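Enquirer: Starting off with a structure, shown below.
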């Protein structure tokens, strides 16, 4: 016995025509959704690869940055580092925008020059050593990477949510709605054929009765 | 009990609206215009903003000669076209075709039109994520 249920519809010819039209539309939508899903998955995988790469790079950079900081800390001591840190230019400008990937709105972050020159950093060059310069440079690189990774991870999350939703819709169309419409169309067609057969049998019977009466 | 008919109608209505390529720009911008803007962007048909990455604009700038900067309209539309088979897409426009063929390293069949396939779409999108948009052709929506 088929597990697909028949839709509750009135058994009329109009309803059959309407269902056939709906089936064509549902199949078309299913095809387009499948295509959209394929593209979104491709985008997702591409960004996932980028995210993994960025994360690996971030770990490496963080290791280097903290190592440079440790060296600077060892040379200048806590007080010395804190004194120089007070003078550091902290401003980072970033533009937050929206990027649209097939209807999915994902973030876009554009940073404006994070890596600074020695003069732009703001601390005294006379009192500091190369250790501080190196640590500052490494942390600037780390910050740039962190922002890039944040953008990529958020994009990944948004795409993932959309793919999940889209897959559910494709499955509903593929496994529930389209089969139900098909079964209902089949059921209605059979019902009409049955009615036709009944009608024909009735007419035959009437013909026989009429011919019998005429014969009397 | 769930009214499946109603659910179907809902899905179809929502998807058709989305598939009407609402995320495409209301008006495209030339590369020259985008380069001159502080925050290069276009407004989409649903009223939201789609921004371009400056690095991509610089990349595009390096691909074509200066006299073509105002002829290249952004975002470049990658049109999914069922006429060319499943997964095939088409890019129209002379300068657009030049850019795509240079990135993909292929020779276009025609000067103003190039047919690309799914793996090539991925490569193209990897290079130009914000300056390209994938759209469904009208024929794939209407049928």
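Protein chains in written order, with the numbering used here: chain A, 1 to 216; chain X, 1001 to 1143. Ideal Cβ placement from N, Cα and C applies to all residues, glycine included. A quick note: this is a predicted structure, and the numbers were derived from the prediction, not measured.
(1) In three-state DSSP terms, what is residue 146/A?
(2) In whole angstroms, what is the alpha-carbon distance linking residue 1063/X and residue 135/A?
(3) Taking only beta carbons into account, state which residues of the segment 100–122 of chain A come closer than 9 Å to chain X, listed in chain order.
(4) Please check if any C-beta of chain X sits within less than 9 Å of the C-beta of residue 36/A.
(5) Please give me, in chain order, every unbroken run of the alpha helix (DSSP H) with length at least 4 that falls completely inside the segment 121–168 of chain A.
(6) Which parts of the segment 1078–1105 of chain X are runs of the alpha helix (DSSP H), unbroken and 4 residues or longer, counting only runs that do not cross its ends?
(7) When you compare the CB of residue 43/A with every CB in chain X, is at least one pair closer than 9 Å?
(8) Quick one: Cα of residue 106/A to Cα of residue 1052/X, how far?
(9) Go ahead and pull the three-state DSSP assignment for residue 1030/X.
(10) Closer than 8 Å by beta-carbon distance: list the chain X residues that pair up with residue 46/A, in chain order.
(11) Rounding to the nearest angstrom, what Cα-Cα distance links residue 1001/X and residue 1107/X in this structure?
(12) If you draw a straight line from the C-alpha of residue 173/A to the C-alpha of residue 20/A, how long is it?
(13) Apart from the five residues just before and just after residue 1/A, which ones in its own chain have a Cβ nearer than 7 Å to its Cβ?
(14) Apply the 10 Å Cβ neighbour rule to residue 1109/X and answer buried if 16 or more other Cβ atoms are within range, or exposed otherwise.
(15) Residues of chain A with a CB under 8 Å from the CB of residue 1145/X: which are they?
(16) From the DSSP secondary-structure annotation, give me the bridge partner or partners of residue 108/A.
(17) In the segment 72–98 of chain A, which residues sit with their C-beta less than 7 Å from some C-beta in chain X, listed in chain order?
(18) Select from 1087/X, 1042/X, 1086/X, 1134/X the residue whose C-alpha is nearest the C-alpha of residue 1027/X.
(19) Compare the C-beta of residue 17/A with all C-beta atoms of chain X and state if any pair is closer than 9 Å.
(20) Any Cβ of chain A within less than 9 Å of the Cβ of residue 1028/X?
Expert: Well, looking at it:
(1) helix
(2) 37 Å
(3) 100, 101, 102, 103, 104, 105, 108, 110
(4) yes
(5) none
(6) 1094–1104
(7) yes
(8) 12 Å
(9) strand
(10) 1122, 1125, 1126
(11) Reliability of the predicted coordinates at residue 1001/X is poor, the pLDDT of 41 falling under 50, and the value obtained from them is presented with this limitation in mind. Answer to the nearest angstrom: the Cα atoms are 57 Å apart.
(12) 15 Å
(13) At residue 1/A, the pLDDT of 44 sits below 50, so the modelled position is not reliable and the matter cannot be decided from this model.
(14) exposed
(15) Because chain X here runs from 1001 to 1143, residue 1145/X falls outside it and cannot be looked at.
(16) 97/A
(17) 95, 97, 98
(18) 1042/X
(19) no
(20) no
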